[in-house]
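What follows is one structure encoded as structure tokens, with my remarks underneath.
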Amino acid sequence: MKKYTYTEKKDTRSGFGAGLLEAGKKNPEVVALCADLVGSLKMDAFIKEFPERFFQIGIAEANMIGIAAGLTIGGKIPFTGTFANFSTGRVYDQIRQSVAYSNKNVKICASHAGLTLGEDGATHQILEDIGLMKMLPGMTVINTCDYNQTKAATIAIAEFEGPVYLRFGRPVIPVFTDPDQKFEIGKAWMVNEGTDVTIVATGHMVWKAIEAGEKLAEMGIDAEIINIHTIKPLDEEAILKSIKKTGCVVTAEEHNKFGGLGESVARLLSTELPSPQEFVAVNDSFGESGTPDQLMTKYGLDTINIIEAVQKVMKRANK
Amino acid sequence: MKHTINELEDIASQVRRDIVRMVHGCQSGHPGGSLGCADFMTALYFDVMNYSTDFKMDGIGEDLFFLSNGHISPVFYSVLARAGYFEVSELATFRKLNSRLQGHPTTHEHLPGIRIASGSLGQGMSVAIGAAQAKKLNKDKSIVYSLHGDGELQEGQNWEAIMYAPFNKVDNLISTIDYNGQQIDGPTEKVLSLESLQAKFEAFGWHVITSNGNDMDDIVKALHYAKSLTGKGKPILNLMSTIMGNGVDFMMGSHKWHGVAPNDEQLATALAQLNTTLKDY
Numbered sequence: 026m027k028k029y030t031y032t033e034k035k036d037t038r039s040g041f042g043a044g045l046l047e048a049g050k051k052n053p054e055v056v057a058l059c060a061d062l063v064g065s066l067k068m069d070a071f072i073k074e075f076p077e078r079f080f081q082i083g084i085a086e087a088n089m090i091g092i093a094a095g096l097t098i099g100g101k102i103p104f105t106g107t108f109a110n111f112s113t114g115r116v117y118d119q120i121r122q123s124v125a126y127s128n129k130n131v132k133i134c135a136s137h138a139g140l141t142l143g144e145d146g147a148t149h150q151i152l153e154d155i156g157l158m159k160m161l162p163g164m165t166v167i168n169t170c171d172y173n174q175t176k177a178a179t180i181a182i183a184e185f186e187g188p189v190y191l192r193f194g195r196p197v198i199p200v201f202t203d204p205d206q207k208f209e210i211g212k213a214w215m216v217n218e219g220t221d222v223t224i225v226a227t228g229h230m231v232w233k234a235i236e237a238g239e240k241l242a243e244m245g246i247d248a249e250i251i252n253i254h255t256i257k258p259l260d261e262e263a264i265l266k267s268i269k270k271t272g273c274v275v276t277a278e279e280h281n282k283f284g285g286l287g288e289s290v291a292r293l294l295s296t297e298l299p300s301p302q303e304f305v306a307v308n309d310s311f312g313e314s315g316t317p318d319q320l321m322t323k324y325g326l327d328t329i330n331i332i333e334a335v336q337k338v339m340k341r342a343n344k
Numbered sequence: 005m006k007h008t009i010n011e012l013e014d015i016a017s018q019v020r021r022d023i024v025r026m027v028h029g030c031q032s033g034h035p036g037g038s039l040g041c042a043d044f045m046t047a048l049y050f051d052v053m054n055y056s057t058d059f060k061m062d063g064i065g066e067d068l069f070f071l072s073n074g075h076i077s078p079v080f081y082s083v084l085a086r087a088g089y090f091e092v093s094e095l096a097t098f099r100k101l102n103s104r105l106q107g108h109p110t111t112h113e114h115l116p117g118i119r120i121a122s123g124s125l126g127q128g129m130s131v132a133i134g135a136a137q138a139k140k141l142n143k144d145k146s147i148v149y150s151l152h153g154d155g156e157l158q159e160g161q162n163w164e165a166i167m168y169a170p171f172n173k174v175d176n177l178i179s180t181i182d183y184n185g186q187q188i189d190g191p192t193e194k195v196l197s198l199e200s201l202q203a204k205f206e207a208f209g210w211h212v213i214t215s216n217g218n219d220m221d222d223i224v225k226a227l228h229y230a231k232s233l234t235g236k237g238k239p240i241l242n243l244m245s246t247i248m249g250n251g252v253d254f255m256m257g258s259h260k261w262h263g264v265a266p267n268d269e270q271l272a273t274a275l276a277q278l279n280t281t282l283k284d285y
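Residue numbers (my numbering), protein chains in the order written: chain A, 26 to 344; chain B, 5 to 285.
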């Protein structure tokens, strides 16, 4: 198992804030919009540097999406910022008609996704957003795993033409990816090569997959770990190549098992390479109040859940 | 003035002929609101707006128009074709398979002149505001126009946009409300009354003007007056009274022709009433 270490923990949303500032410096057409959550989205540095390129919309997310769509017409590259729940479910029809169907170059940037939002509870903890967004034709869907990857992804989507949903989170988590990485949309990242089982993880579950991989190695199981940061378009080639080798897969995501990364992998495998698969995901439920760690444990999104899923899927694959 | 009032009225007559023929041709679509807005759309595209029919999405240096109540696509398509964005013969494909003239306007089929999809109501004002703010960032002095149904104002997103535009001094925006008092299920005052739109918009900080959208002289004057009000710190709202179905007597003033196509006999009657033609497609 390749060794991953970290010296600090940071939130992915701060990676977004840093990436937004850099994207803004690189391209004067980059603008930002926020629906009364500037601090939560870490947009302060961008606003300080480019006050005339920031639009405070107020608590009016539908209007924010529409204004962003309109800004693209004048050649702007708008980044909208609010919580994942208000970035997707609340404004689905606005995104569908004014952004996706109209093919507008809007970057919908969503913080506080999933259970790790914590104490605010289920009203704010969306676990359906990946599904909502990936169903929209032409929408690129990205869920990043640490500060550095989020920063790199934010810079990369500014250079990409087309609507993007960028999903990140609230809690501080280990920073373990390369600070100088080049983020390639739609390209899987090989975290660890292995032969016994494939673990496909996204977002906050990537670090947990690494922890699981270390424990599995101690148990004599050689896990291949792939980070799928871009859920759509899916890097089908990387996934198929890995599962051809290992014969079984565990998918891990902080999302409902319905509509998430796991279903995308299952759809791919069902037509191309039928293989045993286990899902580490929320079992079709809403969340609740609690600390992020408590919630990840209660809803089955811990390192141990990945290990158990690996054992189960290998058994099913007769390994 | 690019055209005399009489010339504009003749164009509007042809646009009305196009509308009833398009809707008859596919036996679907929305003639009522389209006919009511024929004079406004003609005035806008043949007298008021500055634009190039060599279509570029960004429209930099051009006035832009956004149709929020996308169901009145027949009047939009007719005016775009008559203005020269595409061949008038293409109007015959309206709502048919493989057409660029979809039931509701879309950028998806790359029809020149269209910059956003609309149809799901209440989204156009936000888009127009965004386009207007982009113009300000680009130091582009041209104007953004938008059109909205009155019933459409029942959608909440409008009020987010109506609150935002004056606060942010979006004063390069002229939004028009097609105030015909009708919606699918009946008169707006029976379905969900709008009460005083003028007072509502003024309370939100708009500069409100009123006009008669079925009097060419009045609507041309109103739009030029609205233009003179731009750049003064407030968005402009043109509260435009129209009669749904205007120009075809049996369609006038009733919500029953909101989304119903005429039969052969009704088409002949309508065309006889709209006898000024510049040549049908």
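All C-beta atoms in this analysis are idealised placements derived from N, C-alpha and C, irrespective of residue type, glycine included.
Computed from a prediction, not measured in an experiment: that's the story for all the values here.
Inter-residue spacing [alpha-carbon to alpha-carbon] between residue i and residue j
i: Asp58 (chain B); j: Glu11 (chain B); result: 24 Å
i: Asp154 (chain B); j: Cys41 (chain B); result: 12 Å
i: Ile181 (chain B); j: Thr246 (chain B); result: 10 Å
i: Lys269 (chain A); j: Leu298 (chain A); result: 8 Å
i: Val222 (chain A); j: Glu333 (chain A); result: 12 Å
i: Gln270 (chain B); j: Ser32 (chain B); result: 14 Å
i: Gln137 (chain B); j: Met215 (chain A); result: 43 Å
i: Val264 (chain B); j: Gly88 (chain B); result: 28 Å
i: Glu303 (chain A); j: Cys273 (chain A); result: 9 Å
For residue i, the three-state DSSP class (helix, strand or coil)
i: Tyr149 (chain B); result: strand
i: Ile155 (chain A); result: helix
i: His149 (chain A); result: coil
i: Leu95 (chain B); result: helix
i: Pro199 (chain A); result: strand
i: Pro76 (chain A); result: helix
i: Arg192 (chain A); result: strand
i: Pro103 (chain A); result: strand
i: Thr165 (chain A); result: strand
i: Gly284 (chain A); result: coil
i: Pro170 (chain B); result: helix
i: Leu45 (chain A); result: helix
i: Glu13 (chain B); result: helix
i: His211 (chain B); result: strand
i: Cys30 (chain B); result: helix
i: Val24 (chain B); result: helix
i: Tyr183 (chain B); result: strand
i: Glu206 (chain B); result: helix
i: Met50 (chain B); result: The sequence given here places Phe at residue 50 (chain B); Met does not occur at that position. Note: Phe50 (chain B) maps to helix in three-state DSSP.
i: Gln137 (chain B); result: helix
Cut-off 6 Å between Cβ atoms - residues of its own chain near residue i, not counting five sequence neighbours on either side
i: Asp67 (chain B); result: Met53, Asn54, Tyr55, Ser146, Ile147
i: Gly257 (chain B); result: Ile247
i: Gly238 (chain A); result: Met26, Asn217, Ala248, Ile250
i: Ala16 (chain B); result: Ala42, Asp43, Thr46
i: Val195 (chain B); result: Gln187, Asp189
Cut-off 7 Å between Cβ atoms - residues of its own chain near residue i, not counting five sequence neighbours on either side
i: Asp284 (chain B); result: Arg21, Arg25
i: Phe208 (chain B); result: Ile166, Met167, Pro170
i: Asn52 (chain A); result: Ile102, Ala183
i: Asp61 (chain A); result: Gly83, Ile84
Distance CB(residue i)-CB(residue j) smaller than 7 Å
i: Asn242 (chain B); j: Ser215 (chain B); result: yes
i: Gly194 (chain A); j: Thr37 (chain A); result: yes
i: Gly134 (chain B); j: Ile92 (chain A); result: yes
i: Thr105 (chain A); j: Ile84 (chain A); result: no
i: Thr281 (chain B); j: Gln106 (chain B); result: no
i: Asp51 (chain B); j: Lys6 (chain B); result: yes
i: Phe41 (chain A); j: Thr175 (chain A); result: yes
i: Ala225 (chain A); j: Thr141 (chain A); result: According to the sequence provided, residue 225 (chain A) is Val. The question's Ala does not apply to it. Their beta carbons are not under 7 Å apart, which means Val225 (chain A) does not touch Thr141 (chain A) by this criterion.
i: Leu152 (chain A); j: Asn281 (chain A); result: yes
i: Gly245 (chain A); j: Asn168 (chain A); result: no
Same chain, Cβ closer than 8 Å to residue i, five either side skipped, listed in chain order
i: Val200 (chain A); result: Tyr31, Thr32, Glu33, Lys34, Lys35, Asp171, Tyr172, Asn173
i: Tyr229 (chain B); result: Ile213
i: Met244 (chain B); result: Phe44, Thr180, Ile181, Asp182, Tyr183, Thr214, Ser215, Asn216, Gly217, Ile223, Ala226
i: Asp220 (chain A); result: The residue you asked about is not Asp; residue 220 (chain A) is Thr in the sequence shown. Excluding sequence neighbours, Thr220 (chain A) sits near Asp247, Glu249, Lys270, Thr271.
i: Arg121 (chain A); result: Leu161
Positions along the region 125-159 of chain A whose CB lies within less than 7 Å of some CB in chain B: For the region 125-159 of chain A, the set of residues with a beta-carbon nearer than 7 Å to any beta-carbon of chain B comprises Tyr126, Ser127, Asn128, in chain order.
In the region 99-122 of chain B, which residues sit with their C-beta less than 8 Å from some C-beta in chain A, listed in chain order? Against chain A - using a Cβ distance shorter than 8 Å - the residues of the region 99-122 of chain B are Thr110, Thr111, His112, Arg119, Ile120, Ala121, Ser122.
Chain A contacts made by the region 29-45 of chain B, where a contact means CB separation under 8 Å: Here the close residues number zero.
Using a beta-carbon distance cut-off of less than 8 Å, what residues from the region 96-111 of chain A approach chain B? Residues Leu96, Thr97, Ile98, Gly99, Gly100, Lys101, Pro103.
Closer than 9 Å between beta carbons: that is the criterion. Which residues of the region 47-68 of chain B meet it against chain A? Listed by position, the residues of the region 47-68 of chain B near chain A (Cβ gap below 9 Å) are Met61, Asp62, Gly63, Ile64, Leu68.
Members of the region 140-156 of chain B near chain A, C-beta cut-off 8 Å: Under the 8 Å Cβ criterion, the region 140-156 of chain B contributes Leu141, Asn142, Asp144.
Listed in chain order, which residues of the region 121-136 of chain B have Cβ atoms closer than 9 Å to some Cβ of chain A? Within the region 121-136 of chain B, the residues whose Cβ lies closer than 9 Å to some Cβ of chain A are Ala121, Ser122, Gly123, Ser124, Gly126, Gln127, Gly128, Met129, Ser130, Val131, Ala132, Ile133, Gly134, Ala135, Ala136, listed in chain order.
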